[in-house]
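Visitor: One structure, pasted below without further comment.
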Amino acid sequence: MPLDIVNLTSQPITFEVKKKAGRGQRIVIPAHGRVEVKKPKHGFSLVPWDLNNAALEKKPSSENSALLGSASHTFSLRRPLSFGAAIQMLTGSDASPWLVYKCKVENRRTIHIVKERDMRSYLSDLPDATSLTDLCLPGTHDTMAFYGWPISQCQASDTPLPVQLQQGIRILDIRLAVIKGRLIAYHGAYPQRTTFASILATLSTFLHSAASRRETLIVSIKQEDRGGDFSRLVREEIEHGPGGMGMWWLENRIPALGEVRGKAILFSRFGGNGADWPGGLEGMGIHPTTWPDSAKEGFEWWCKDTMVRTQDWYSIPSFLDIPEKTALAVEVLKPPQQAPMPVLSISFFSAASPLAVPPLVATGWGWPSIGLGVEGVNSRISRFLLRQLGMAARRVAPDEEPKAPTDEPLIRGWTFIDFYRLPSGSAIVPLLVECNFIGR
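Per my numbering: the sequence shown = residues 54 to 493.
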């Protein structure tokens, strides 16, 4: 049975299958390349090409064998099925420089190898001149919604805000209500037990840390109550919080990455006419001009010269609509060809209704990889990303022509995810991050 091995890194990798008797397989997979191998029964090993090549240039010796052995990373194919997912993360025998995923792509069994990046600081590897419209950024929908399962909870309890930031989340969806003169995280009518002051302290700690001081955060703030003092209280708590106003980007335009390193970008889904802020609506950060409720077809608005395409269809009829929800969420992330203006895409991967509660929509249930269950949005989008990255890798491979022509673009945009670490071993955040580095 054939198995495709796709190397999505910038370095060649040696794929090796050892057998007790006989030579087994040893194949070099070029950078951004794809090879077909015979499917191993149990597992395989990966070796960085630079070490493998250095050893093979010399005569075999115990020293060279030790060198290769220390650099070899073994992955088992015999793993239990992932609940709710049609994609599996393969864990290496020890600390590996790669993330390795197994799934079917276009009905072919495929192993994808992705570089494991430092999620605390990946934006520091991108040029200052990069516009934020040209990034693919993972975010969380209802970032602070850890309570009220299964209706109000949207994030797992083991992913508090500091963990989200360390694990690569760069877009936050902060929803607040005024309780006794203080701003408290809420989701609808359900309290989420965290003060805005505490959230501000966490953001400051992250942005001022040695590892992450060249990162940026997009912080959407939305009012969950009807109080008239909300906008003023947001401004006052930011002014008196850690970092003060100087930590925030408050211009109403889409900046370049170099302009906002070490800053939080305010995305204000509140404020009315901006009367409580110096500069009015021009001093409240990025400010949407419209936001229709659960528009299935999506909607557009303008931020200066940038067209913002937004997909936030959340009130899906039932879990049977997960495939359509997924298709619409990823379609908006495909950049328009030869657009005459800058385009920013925003996509919510989340949904909630009586027959489609957030945990079910995001993570699915059962064992969809063998046809017994429902595959959730997170797993479906992860498979889509692997397919897109694989196609992009073939396009930019220096030593390999694409097997078939393709006009599909890489994806770009800002994303909002429920339960981003689920199902178990979810690939969605690392793969969204990788879209910033492959084919650019």
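Think of the CB as a built atom: it goes at the ideal place given N, C-alpha and C, for glycine as much as any other residue.
1. If the criterion is Cβ atoms closer than 8 angstroms, does the pair D226 and G192 meet it?
2. For H293, report the span of its alpha helix (DSSP H) as first-last.
3. In whole angstroms, what is the alpha-carbon distance linking I140 and H95?
4. Relative to the alpha-carbon of R173, which residue among I166, H165, I481, Q217 has its alpha-carbon at the smallest distance?
5. Checking 8 angstroms against the spacing of the C-beta atoms, do A59 and H165 come in under that value?
6. Note down, in chain order, each residue of its chain lying with its Cβ closer than 6 angstroms to the Cβ of S177, except the 5 sequence neighbours on either side.
7. What does the alpha-carbon distance come out to for the pair L270 and G299?
8. From which residue to which residue does the beta strand (DSSP E) around A230 run?
9. Mapping the DSSP letters down to three states, classify G351 as helix, strand or coil.
10. Taking only three categories from DSSP, how would you classify E268?
11. Apply the 10 Å Cβ neighbour rule to G311 and answer buried if 16 or more other Cβ atoms are within range, or exposed otherwise.
12. Using the Cβ count rule (16 or more neighbours within 10 Å means buried), how would you classify E277?
13. Roughly how many whole angstroms lie between the Cα atoms of V153 and I82?
14. Taking the alpha carbon of F283 as the reference point, which residue from A264, N326, G315 has its own alpha carbon closest?
15. Determine the direct distance from the alpha carbon of S125 to that of S98, and round the result to whole angstroms.
16. Quick check: the Cα distance between T258 and Q245, rounded to an integer number of angstroms?
17. Look at the Cβ atom of K183, then the Cβ atom of L397, and state whether they are nearer than 8 angstroms.
18. Give the secondary structure of L303 by DSSP, where H, G and I count as helix, E and B as strand, and everything else as coil.
19. Counting only runs of 4+ residues fully inside the segment 410-436, write out the alpha helix (DSSP H) ranges in chain order.
20. Assuming contact is defined by CB atoms lying nearer than 8 angstroms, are G275 and R228 in contact in what I supplied?
21. Here's the rule I'm using: 16 or more other beta-carbon atoms within 10 Å means buried, otherwise exposed. How should T416 be labelled?
22. Counting pairs of beta carbons, one from the segment 466-481 and one from the segment 406-425, are three or more of them closer than 8 angstroms?
23. Where W355 and S347 are concerned, what is the direct C-alpha to C-alpha distance, given to the nearest angstrom?
24. Do W366 and K378 have their beta-carbon atoms positioned less than 8 angstroms apart in this structure?
25. First and last residue of the alpha helix (DSSP H) that includes I470?
26. When the Cβ atoms of the segment 193-211 are set against those of the segment 483-491, are three or more pairs found closer than 8 angstroms?
27. Buried or exposed for M54, going by 16 or more other Cβ atoms inside 10 Å?
28. DSSP puts D57 in a beta bridge; with which residues?
29. With a threshold of 16 other CB atoms inside 10 Å of the CB of S321, please say whether the residue is buried or exposed.
30. Classify A238: buried if its beta carbon has 16 or more other beta carbons within 10 angstroms, exposed otherwise.
31. By Cβ distance below 8 angstroms, which residues in the same chain neighbour L61 in space, the five residues on each side in sequence not counted?
32. For the beta strand (DSSP E) containing K357, name the first residue and the last one.
Guide: Looking at the coordinates:
1. yes
2. 283-293
3. 18 angstroms
4. Q217
5. Here residue 59 turns out to be Val, not Ala, going by the sequence shown. Against a cut-off of 8 angstroms, the Cβ pair of H165 and V59 comes out as a contact.
6. R267
7. 14 angstroms
8. 224-232
9. coil
10. coil
11. exposed
12. buried
13. 14 angstroms
14. N326
15. 6 angstroms
16. 21 angstroms
17. The amino acid at residue 183 is misidentified as Lys; the sequence shows Thr. Cβ distance not < 8 angstroms, so T183 and L397 don't count as in contact.
18. coil
19. 411-416
20. The sequence given here has Lys at residue 275, not Gly. Taking 8 angstroms as the Cβ cut-off, K275 and R228 qualify as a contacting pair.
21. buried
22. yes
23. 19 angstroms
24. yes
25. Run containing I470: none; DSSP gives neither H nor E here.
26. no
27. exposed
28. E89, T163
29. buried
30. buried
31. H85, H165, I166, V167, K168, L442, G443, A446, E487, I491
32. Unbroken run through K357: none, as it is neither H nor E.
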